[in-house]
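Participant: I have a structure I would like to understand better, so I am pasting it below and will then ask my questions one at a time.
Protein chains in written order, with the numbering used here: chain B, 1 to 277; chain X, 1 to 277.
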C-alpha cells in the first residue's frame with residue numbers, strides 16, 4: 001500500500017453553491033470563521049451584492065478567488081442570441097478580473113436543438129471569440145466537462161478528452177480544463193486524460209463532492225465527500241501528479257446540505273476534505 | 001440534404017420493458033395484433049410464464065426473438081458471489097437458447113465498492129468465463145454500454161469505446177456490442193465507435209427510445225421516439241452503414257408509457273418508429 005499523502009487544508013476553497021442560502025457577504029464571513037482561505041463566488045451572488053462591494057468584501061477578508069462561476073452557454077439558435085451570449089461572457093471576464101479570479105469556469109451550454117455536433121461547433125467558436133478579450137484581462141478560461149446526463153440541458157462538452165481536445169487549439173495560458181470529480185469519475189479514460197491535461201499544463205481547477213447511491217436527484221443529488229462511491233483520493237493524487245497544486249473547490253448541489261446551517265456545512269466539509277480528499 | 005431512407009417496419013421489435021404491465025402472453029398477443037414480428041422478452045417475465053410455455057407462446061405466434069434481457073451483473077465483493085452471478089448467467093444463456101434468441105444482452109453491473117477499475121476487471125473475467133458456455137449454446141453475448149449516470153448502480157461499462165475494447169478480446173461470433181441510443185447519444189466518439197464496431201462485425205443489437213428534456217426521472221425518464229433530443233435517424237443510418245441490418249428494439253422505461261393501454265403504446269411506437277427512426 002502506498003502512503004496516502006494528506007491534502008493541504010490551505011488549498012480548500014468554498015464554491016459558493018455549496019452554501020447556496022448564504023449571500024456573498026455571509027459566505028465570506030463564514031470562510032473567515034472557518035479559516036478557509038479560498039472562495040469561488042457565483043455571478044448571481046456577486047450581482048446581488050454588487051461587483052464593487054463583492055470585491056471589497058473578498059479583499060478585506062483576505063480571501064483569494066479560486067474561480068468565478070460561471071461563463072459559457074455558447075450555443076443558441078440565432079446569430080443574435082449567440083452574440084448576446086458572447087457579450088455576457090465578456091461581462092463575466094470583466095467580473096472575474098475585477099474580483100481577482102485567475103479562472104473563469106465555462107459551463108459550455110446545451111445545443112438549442114437535436115444537432116449536438118453543431119452545438120459543439122458553436123462552443124468552439126464562442127471560446128475562440130472570447131479568448132483575446134480574456135487574455136487582455138488576465139483571465140484564463142477553464143472548460144469544465146459536465147456529466148453526460150447534463151448533455152441536453154447544460155453542456156455538450158461531456159468528457160475530459162473532449163475538453164482537452166478543445167483546449168488544445170489555444171495556449172495553456174489562455175484556456176485550460178477544470179476537473180470536477182462528480183462529472184468525470186465514471187470515465188474509463190479519466191486517468192489517461194488527466195495525464196494528458198497535465199502534460200499540456202491545462203488543469204486550472206479541481207472540484208470535489210461525491211456520487212451518492214442511490215442518487216436522489218439529477219441536479220441536486222451531489223453528496224458530501226465520503227458519502228458516495230468516488231475514489232476522491234486517487235483522483236486528487238492523479239491531478240497533483242499531473243502538476244496541479246492549486247485550490248480545491250468543494251462544489252455541492254444538494255438541497256439537504258443547503259438546508260443545514262452554513263457553519264455546520266463548512267465544518268463538515270473541512271473534516272471530510274481531510275479524511276477523503 | 002441527403003435523402004432520408006425510411007426504416008423497414010419488419011425490423012421493429014418490442015422490448016418487453018416498454019409494456020411492462022403486460023405478461024409475456026399479453027405482449028406476444030399484442031405483437032400479433034399490431035403485426036410486429038420481433039420481441040425481446042425479459043427474464044422475469046419468462047420466469048413468470050415458465051420457460052417452456054414462453055417458448056411455445058413465442059413459437060406459436062411466429063415471433064422471432066431479437067434478444068433476451070438480460071445477463072451480466074458480474075462484479076461482486078466475494079468469489080462465491082461472483083460464481084453465483086456466473087451460474088445465473090449460464091442459466092440466462094440456456095434460456096436464450098431455449099427461446100431461440102441469438103443474443104443475450106449483458107448489463108454488466110456496478111462495482112461493489114469504490115474501486116471501479118476492479119469492477120471492470122471482474123466484468124472482463126466474467127465474460128471470459130461465460131463465452132465457452134454461450135458458444136456451445138449458439139448464443140452471442142452483447143455487451144451493452146449503459147449511460148454513465150448508471151455507473152454506480154447498473155454498469156461500469158459506460159461507453160461504446162469501452163464495450164468495443166472489451167469485445168475485442170473475443171471472436172465477433174461470440175461477443176458483440178449493443179448500441180442503445182439512450183445510453184450513447186451524448187458521446188463525442190459515438191460515430192467513430194459505431195464505425196469501429198462495424199469494422200469488427202460487432203454490432204448485435206440496436207435499441208431506440210429518446211432523451212426527454214427536462215428528464216423526469218433517472219431510471220424511468222426515457223421518452224418515446226420523437227419526444228426528445230436524440231438524432232435517431234442519424235444514429236440508425238450510422239449503425240446500418242456499419243453493417244447492422246438486424247432487428248431494432250424499442251426499449252422504454254417510462255411510467256407514463258407503462259400506464260397507457262399496451263395496444264396504444266404499440267400503435268404509437270410504430271408511428272414514431274416510421275417518423276423518427
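Even for Gly, the Cβ is constructed at its ideal location relative to N, Cα and C.
Owing to the predicted nature of the structure, the values given are computational and were not obtained by experimental measurement.
Does the beta carbon of residue 122/X come closer than 8 Å to any beta carbon on chain B?
Facilitator: no
Participant: Among 85/X, 101/X and 105/X, which one has its Cα closest to the Cα of residue 125/X?
Facilitator: 85/X
Participant: Reducing DSSP to helix, strand and coil, say where residue 202/X ends up.
Facilitator: coil
Participant: What are the boundary residues of the alpha helix (DSSP H) that residue 164/B is part of?
Facilitator: 160-167
Participant: List the residues of chain X that residue 218/B touches, going by C-beta distances under 7 Å, in chain order.
Facilitator: 215 and 218
Participant: Please state whether the Cβ-Cβ distance between residue 172/X and residue 193/X is less than 8 Å.
Facilitator: Cβ atoms of residue 172/X and residue 193/X: not closer than 8 Å.
Participant: Using three-state DSSP, classify residue 85/B as helix, strand or coil.
Facilitator: If DSSP states are grouped into helix, strand and coil, residue 85/B belongs with the helices.
Participant: Around the C-beta of residue 48/B, are 16 or more other C-beta atoms found within 10 angstroms, so that it is buried, or is it exposed?
Facilitator: exposed
Participant: Whole-angstrom Cβ separation of residue 83/B and residue 188/X, contact assumed at under 8 Å?
Facilitator: Contact doesn't hold; Cβ gap of about 26 Å is too wide.
Participant: Three or more C-beta pairs under 8 Å: does that hold for the segment 259-267 of chain B against the segment 5-25 of chain B?
Facilitator: yes
Participant: For chain B, check one thing: does any of its Cβ atoms lie closer than 8 Å to the Cβ of residue 1/X?
Facilitator: Note that residue 1/X has pLDDT 43, beneath the 50 cutoff, so the model's placement of it is unreliable and no number is given.
Participant: Classify residue 1/X as buried or exposed, calling it buried when 16 or more other Cβ atoms lie within 10 Å of its own Cβ.
Facilitator: For residue 1/X, the predicted structure reports a pLDDT of 43, less than 50, and the residue's modelled location is therefore unreliable. A value from the coordinates is still provided. Exposed is the call here.
Participant: Using the Cβ count rule (16 or more neighbours within 10 Å means buried), how would you classify residue 210/X?
Facilitator: buried
Participant: Do you know how far the Cα of residue 186/B is from the Cα of residue 93/B?
Facilitator: 31 Å
Participant: With the cut-off set at 8 Å, would you say residue 111/X and residue 145/X are in Cβ contact?
Facilitator: In this structure, residue 145/X does not lie closer than 8 Å to residue 111/X by Cβ.
Participant: Using only alpha-carbon positions, find the residue among 150/B, 235/B, 236/B and 266/B that is nearest to residue 36/B.
Facilitator: 266/B
Participant: What are the residues of the segment 85-117 of chain B that lie near chain X, defined by any Cβ-Cβ distance shorter than 9 Å?
Facilitator: The segment 85-117 of chain B vs chain X, Cβ under 9 Å: 110, 111, 113, 114, 115, 116 and 117.
Participant: With contact counted as at least three CB pairs below 8 Å, one residue from each stretch, are the segment 56-73 of chain X and the segment 230-244 of chain X in contact?
Facilitator: no
Participant: Which same chain residues, not among the five before or five after residue 149/X, have their C-beta less than 8 Å away from its C-beta?
Facilitator: 218
Participant: Quick check: is the beta carbon of residue 151/X nearer than 8 Å to any beta carbon in chain B?
Facilitator: yes
Participant: At least one CB of chain B closer than 8 Å to the CB of residue 231/X: is that the case?
Facilitator: yes
Participant: Give the straight-line distance between the Cα atoms of residue 69/B and residue 105/B, rounded to the nearest whole angstrom.
Facilitator: A direct Cα-Cα distance of roughly 5 Å separates residue 69/B from residue 105/B.
Participant: Measuring straight from C-alpha to C-alpha, what distance separates residue 155/X and residue 42/B?
Facilitator: 34 Å
Participant: Could you tell me the distance, in whole angstroms, from the CA atom of residue 206/X to the CA atom of residue 32/X?
Facilitator: Spanning the two alpha carbons is a distance of roughly 22 Å.
Participant: Considering only the beta carbon of each residue, do residue 61/B and residue 270/B sit closer than 8 Å?
Facilitator: no
Participant: Between residue 77/X and residue 232/B, what straight-line distance do the alpha-carbon atoms span, to the nearest angstrom?
Facilitator: Distance between the alpha carbons of residue 77/X and residue 232/B: 20 Å.
Participant: Which of the three DSSP states, helix, strand or coil, is assigned to residue 69/X?
Facilitator: strand
Participant: Please confirm whether residue 10/X has its beta-carbon closer than 8 Å to some beta-carbon of chain B.
Facilitator: By the rule that beta-carbons nearer than 8 Å mark a contact, residue 10/X does not touch chain B.
Participant: Under 8 Å Cβ-Cβ, which residues of chain B neighbour residue 148/X?
Facilitator: Result: 147, 148, 149, 186 and 187.
Participant: Please work out which residues of its chain come closer than 7 Å, Cβ to Cβ, to residue 275/X, disregarding the five sequence neighbours upstream and downstream, and give them in chain order.
Facilitator: 226
Participant: Considering Cα atoms alone, identify which of 138/X, 190/X and 222/X is closest to residue 256/X.
Facilitator: Nearest C-alpha to residue 256/X: 222/X.
Participant: Would you call the CB atoms of residue 229/X and residue 11/B closer than 8 Å?
Facilitator: no
Participant: Check each residue of the segment 151-172 of chain B: if its Cβ is closer than 9 Å to any Cβ of chain D, include it; give the result in chain order.
Facilitator: The displayed structure is made up of protein chains B and X, and chain D is not among them.
Participant: Of the choices 191/B, 181/B, 234/B and 176/B, whose alpha-carbon is the least far from that of residue 212/B?
Facilitator: 181/B
Participant: Just to confirm before moving on: does the CB-CB distance between residue 39/X and residue 46/X stay below 8 Å?
Facilitator: no
Participant: Out of 249/B, 224/B and 6/B, point me to the one whose CA is closest to residue 65/B's CA.
Facilitator: 249/B
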